[in-house]
Amino acid sequence: MKARILVVDDERAIRDLLTEALRDAGYEVLSAGGGEEATAILREENIQIAVCDIRMPGMDGLELLRYIRDVSPETVVILITAYASVETAVNALRDGAFDYFLKPLIFEEIIAKISRIDEYLKVKRENQNLRREVETRYDFQNMIAKSRSMDAVFGMIRKVSATTSNVLITGESGTGKEMIARAIHFNSLVREGKFLPVNCGAIPSTLWESEILGYARGAFTGATTDKEGYLQASDGGTLFLDEITEMTPEAQVKLLRVIENQEFTPLGSVKSRRLNARIIAASNQDMGREMEGGKFRKDLYYRLNVVHIDVPPLRERKEDIPALVRHLVRRYNREQGKKVQGVDNATMRLLLSHDWKGNVRELKNAVERAMIFCDREMIGLDDLPTELHGAKRISGLMSQGDLKQAVREFERISILSVLEEAKYDKRQAALLLGLSKSSLYRKMEELGIGLSPDDSPDQDP
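Reminder that position 285 of the sequence shown reads as 286 in this note's numbering, one-by-one numbering, no gaps.
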């Protein structure tokens with residue numbers, strides 16, 4: 002949809018000709034004979050572009066520019082001026098005007114320039130919409146979990162988001178470390194800045210300095226222009242260093258120096274730059290073991306580990322699976338244009354029984370695949386990937402032949418399945434299981450299934 006344009010000029014002939022030319026080009030155009038009439042339109046209408054003559058009786062174009070800047074800052078203002086007042090127009094650019102046209106007007110040039118501005122506004126709106134969508138996705142209210150362990154993680158995210166401290170996130174692959182880093186960023190003081198993810202394992206050791214620090218023209222053969230590194234690119238935002246343990250010892254020393262001095266110098270430059278980015282690092286390795294083995298510097302670890310968030314694997318918080326599945330079904334319904342209601346009980350029991358070595362990433366892939374093949378209201382067993390069936394399911398329950406652990410896991414799965422069926426009504430779940438409410442609570446506590454703060458295990462139904 003093309004922009005709505007307001008043409009403001011006290012000369013009726015120019016106003017009418019410009020209005021007609023813009024309408025012929027497909028734009029919706031309103032017109033006003035002066036500044037006062039224009040303000041009345043701006044109060045009632047949503048205008049994307051205003052084309053205003055500078056010299057008008059009463060409220061002139063410069064006054065109107067200041068008015069628009071105050072009441073409708075998203076509106077782009079283009080001024081019309083004669084050669085004699087070019088200096089005035091240039092000064093107006095400093096006050097917020099987007100551009101100016103010189104008289105006598107050449108309508109083809111005006112339409113071409115407005116077309117480019119219209120495209121710019123479309124891209125800007127798309128970026129704003131995308132940013133709002135991203136911020137909504139990582140809003141605290143949209144974080145999905147029922148387990149105590151993830152409640153604790155979310156509590157830490159809320160607290161650390163209000164600071165600018167460095168954060169270290171650890172956890173197995175697929176647990177959502179980058180999602181947590183993004184949640185911290187989009188709820189932080191630097192949310193308006195960039196969130197820049199960098200996979201440290203993907204940067205060759207020979208390119209680490211040029212990629213992270215950047216370089217100046219002439220720094221080495223082939224450096225024909227200045228190039229900003231990741232530290233500069235994330236200025237005013239968050240630099241997310243994933244797989245931090247993949248950095249070479251030399252790179253670790255350089256990163257440590259940057260964090261300690263809070264400044265960095267691009268290759269080939271003599272000018273240092275201030276570090277103005279929050280650093281969040283992540284690893285799927287055992288950091289203690291990495292330091293003991295000499296693979297990761299302890300001093301760098303302590304600089305990064307101001308706040309440590311450890312994300313538990315999905316197999317240790319299976320009570321989160323039903324809520325995650327519901328969330329994913331809603332998401333893929335939107336993306337795939339389907340109306341799947343959820344998963345049937347047998348399928349949910351299977352999802353709860355799986356060991357999820359790939360964690361949330363594996364669950365997401367399984368649900369997405371099931372949604373593609375599901376052609377009914379409820380996802381069934383035959384919609385799931387084949388690797389979730391048969392012997393692999395049994396092996397996931399057996400802990401290296403440990404029968405006690407297998408029995409414990411079956412009990413846990415059964416209770417979680419019934420809780421899901423009862424919509425987490427503990428009284429109803431106890432009846433379905435043939436237990437007293439207090440017995441159910443004791444069993445849930447024994448098996449590590451989270452209880453809500455309002456639950457009281459002391460009362461039987």
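We put the beta carbon where it would ideally sit given N, CA and C, even for glycine.
A check of alpha carbon separations from Glu193 across Leu122, Phe221 and Ala278 identifies Ala278 as the nearest. Counting only runs that start and end inside the region 219–289, the alpha helix (DSSP H) elements of at least 4 residues fall at 231–234 and 250–262. Beyond the five residues adjoining it in sequence on each side, Met248 comes within less than 6 Å, by CB distance, of Cys201 in the same chain, given in chain order. Separation of Met379 and Leu385 (C-alpha to C-alpha, rounded to the nearest whole angstrom) is 12 Å. Annotation for Pro198: the continuous beta strand (DSSP E) segment containing it runs Phe196 to Asn200. When C-alpha distances from Arg316 are compared across Thr165, His309 and Gly449, the shortest belongs to Gly449.
Pairwise C-beta distances place the region 267–286 in contact with the region 239–248, as three or more of them are shorter than 8 Å. A check of alpha carbon separations from Tyr303 across Thr266, Val344, Leu256 and Ser32 identifies Leu256 as the nearest. Boundaries of the beta strand (DSSP E) harbouring Ala51: Ile50 to Asp54, taken from the DSSP string. Counting along the chain, the unbroken alpha helix (DSSP H) around Val326 starts and ends at Ile322 to Gln337.
At least 8 Å separates the beta-carbon of Gly294 from that of Thr348. Contact between Ala22 and Phe102 is absent: CB atoms are separated by about 12 Å, not below the 8 Å threshold. In chain order, Leu7, Leu31, Ala33 and Ile48 place their CB closer than 8 Å to the CB of Ile42, counting only its own chain and leaving out the 5 sequence neighbours on each side. Of the other Cβ atoms in all chains shown, 16 or more fall within 10 Å of the Cβ of Gly175; this residue is therefore buried.
Tyr442 sits buried, since 16 or more C-beta atoms from the chains shown fall within 10 Å of its C-beta. Secondary structure note for Ala33: its beta strand (DSSP E) is the uninterrupted segment Glu29 to Ala33.
If only uninterrupted alpha helix (DSSP H) runs of at least 4 residues are considered, those enclosed by the region 61–112 are 62–72 and 87–95.
Take the alpha-carbon of Lys178 and the one of Thr171: they are about 7 Å apart. Nearest to Leu351 by alpha-carbon distance, out of Arg377, Gln129, Phe297 and Ile414, is Ile414.
Judged by DSSP in its simplified three-state form, Thr164 adopts coil rather than helix or strand. Each of Leu106, Met2 and Lys3 was checked against the Cα of Cys53, and the nearest Cα belongs to Leu106. Secondary structure note for Val361: its alpha helix (DSSP H) is the uninterrupted segment Asn360 to Phe374. Arg275 is classed as exposed because its beta carbon has fewer than 16 other beta carbons within 10 Å across all chains shown.
DSSP, reduced to helix, strand and coil, places Gly449 outside both helices and strands of the structure shown, so it counts as coil. Straight-line spacing of the CA atoms in Asp11 and Arg218 works out to 52 Å. By the beta-carbon neighbour count (other beta carbons within 10 angstroms, threshold 16), Thr76 is buried.
In the DSSP assignment, the residues bridged to Ile170 are Ala283 and Ile310. DSSP places Ile42 inside the alpha helix (DSSP H), whose first and last residues are Gly36 to Glu45. Annotation for Leu364: Leu315, Ile322, Leu325, Val326, Leu329, Leu352 and Trp357 place their beta carbon closer than 8 Å to its own, counting only its chain and skipping 5 residues before and after. Counting C-beta pairs closer than 8 Å gives three or more between the region 178–192 and the region 156–165, which meets the contact rule.
For Gly59, the CB contacts under 7 Å within the same chain, skipping 5 residues up- and downstream, are Gly35, Gly36 and Glu37 in chain order. The alpha-carbon separation between Phe196 and Ile181 amounts to approximately 12 Å. Rounded to the nearest angstrom, the Cβ distance from Ala423 to Leu436 is 12 Å, too far for a contact under 8 Å. Proximity to Ala371 across Asn360, Gln337 and Asp152 peaks at Gln337, based on C-alpha coordinates. Under the three-state reduction of DSSP output, Arg24 falls in the helix class.
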